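Student: What follows is a single structure, and I will ask about it in a moment.
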Amino acid sequence: MVAVFCAVPVLALAAPSEPDPNIALRNLNWHVGPKTEQVVGKATLKTPDENTLFIDESNSSRFLRITGNLPQPGNNIVFSQEDGWWAAFSFDPVGYVKDDEKIEADELLKTLKESDGPSNEERKRLNLPPLYTEGWYVPPHYDQQTKSLEWGIKLQSEGKTTLNYTIRLLGRSGVMSATLVSSPETLDKDVKSFKKVLQSFQFNAGERYSEFKEGDHVAEYGLAALIVGGAAAVATKKGFWAVIAGFFAAGWKLIVGAVVAAIAGITSLFKKAKS
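The opening position of the sequence shown corresponds to residue 352 in the working numbering, with each subsequent residue numbered one higher.
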């Protein structure tokens, strides 16, 4: 179900001896809910029941690789056995992002489509199929009360359309990204299920947006750059390679691979592993 952005340098892909993907997924060190989990060391998330699984950073990197994505450190994966969706959490320590910026959806979509080129060059280098931005499924919108920025985007890879629904949660020292990977047929239901799990999410003490103090580091950009990749907003202040690395780190996209379609079929295997 995913494809990811890749920061430079890129991690190596799995060796050809990688076991059967279904077995490899089952053998990851899944934490079975209900349980309170640490999310990339910045927040907590309570998995509500035994149908909600969680894996640490090391296992999440393997998950991304197994499912045909660019493996990236600093992620946690949550997987819903019941509904079949999964989500990736990552944190960008950019500082306190001011939320007083107007969002221009059309301009942002244009920028996202322009980023497909360099992103697909990296995917080609890793023998992964190209990934293209089709358009908004849900235009970006910001909730002042919850300090969360949300949008849904349609992506295409090898003739198949998948959807990413991203929620960026603003904190005191940076931004938590929670990206849901789903299919067009089930997205509305999956978003509802995902948001139910997210109700238990909270930043750790000292990391909450409301705890900002004078003298804290303030990000160099605002809400719009969180959608297209923060590096694009500060390109004139950094060297070229720093910009490219930052862009991929902030603007990753997840795709559905054929192997992930099999996840629903191995739910029973996960349950056996738990017992």
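Beta carbons: idealized from backbone N, C-alpha and C, even for Gly.
It should be emphasised that the depicted structure is a prediction, and the values quoted were computed from it without experimental measurement.
Closest by CA to Asp-407, which one among Lys-540, Asn-420, Trp-381?
Tutor: As a position in the sequence shown, residue 407 is number 56, starting the count at 1. Asp-407 has its Cα closest to that of Trp-381, out of Lys-540, Asn-420, Trp-381.
Student: Which of helix, strand or coil does DSSP assign to Pro-480?
Tutor: Walking along the sequence shown from the start, residue 480 turns up at place 129. Note: Pro-480 maps to coil in three-state DSSP.
Student: Quick one: what's got a C-beta closer than 7 Å to Gln-553's C-beta in the same chain, skipping five residues either side?
Tutor: Stepping through the sequence shown from its first residue, residue 553 is reached at position 202. Correct list, in chain order: Ala-394, Thr-395.
Student: Mapping the DSSP letters down to three states, classify Thr-462 as helix, strand or coil.
Tutor: Translated into the one-based positions of the sequence shown, residue 462 becomes position 111. Thr-462 falls in the helix class under three-state DSSP.
Student: Would you kindly report the start and end of the unbroken beta strand (DSSP E) that includes Lys-505?
Tutor: In the sequence shown, the residue the question calls residue 505 occupies position 154. From DSSP, the beta strand (DSSP E) with Lys-505 extends over 499-508.
Student: Under the assumption that Val-526 contacts Val-579 (Cβ atoms under 8 Å), give the Cβ distance between them as a whole number of angstroms.
Tutor: Residue 526 sits at position 175 when you count from the first residue of the sequence shown. Residue 579 sits at position 228 when you count from the first residue of the sequence shown. Not quite, the Cβ-Cβ distance comes to about 13 Å (not below 8 Å), so this is no contact.
Student: Evaluate contact between the segment 498-514 and the segment 475-489, counting only Cβ atoms and requiring at least three cross-stretch pairs below 8 Å.
Tutor: Short answer: they touch.
Student: At which residues does the beta strand (DSSP E) containing Leu-404 begin and terminate?
Tutor: Your numbering for residue 404 matches position 53 in the sequence shown. Element bounds for Leu-404: 403-406.
Student: Within 10 Å of its beta-carbon, does Ala-575 have 16 or more other beta-carbons around it, so buried, or fewer, so exposed?
Tutor: Start at 1 with the first residue of the sequence shown, and residue 575 comes out as number 224. Its Cβ being crowded by 16 or more others within 10 Å, Ala-575 is buried.
Student: By how many angstroms is the C-alpha of Gly-419 removed from the C-alpha of Gly-608?
Tutor: Sequence index remark: in the sequence shown, residue 608 carries index 257 (1-based). Sequence index remark: in the sequence shown, residue 419 carries index 68 (1-based). Bear in mind that a pLDDT of 44 at Gly-608, under 50, signals an unreliable position, so the model cannot answer this.
Student: Below 8 Å between beta carbons: does that hold for Pro-399 and Gly-384?
Tutor: Reading the sequence shown from its first residue, position 48 is the one you call residue 399. Reading the sequence shown from its first residue, position 33 is the one you call residue 384. In contact: Pro-399 and Gly-384 (Cβ atoms closer than 8 Å).
Student: Is the beta carbon of Asn-471 sitting closer than 8 Å to the one on Gln-432?
Tutor: As a working note, residue 471 is residue 120 in the sequence shown. As a working note, residue 432 is residue 81 in the sequence shown. Taking 8 Å as the Cβ cut-off, Asn-471 and Gln-432 do not qualify as a contacting pair.
Student: Measure the CB-CB distance between Phe-430 and Leu-404 and report whether it falls below 8 Å.
Tutor: Residue numbering aside, residue 430 sits at position 79 when the sequence shown is read from its first letter. Residue numbering aside, residue 404 sits at position 53 when the sequence shown is read from its first letter. Against a cut-off of 8 Å, the Cβ pair of Leu-404 and Phe-430 comes out as a contact.
Student: Taking the DSSP output, what are the residues bridged to Gln-389?
Tutor: Here the question's residue 389 lines up with position 38 in the sequence shown. The partner list for Gln-389 (beta bridge, DSSP) reads Thr-395.
Student: Tell whether a beta-carbon distance below 8 Å holds between Leu-514 and Ser-534.
Tutor: Along the sequence shown, one-based indexing puts residue 514 at 163. Along the sequence shown, one-based indexing puts residue 534 at 183. Their beta carbons are under 8 Å apart, which means Leu-514 touches Ser-534 by this criterion.
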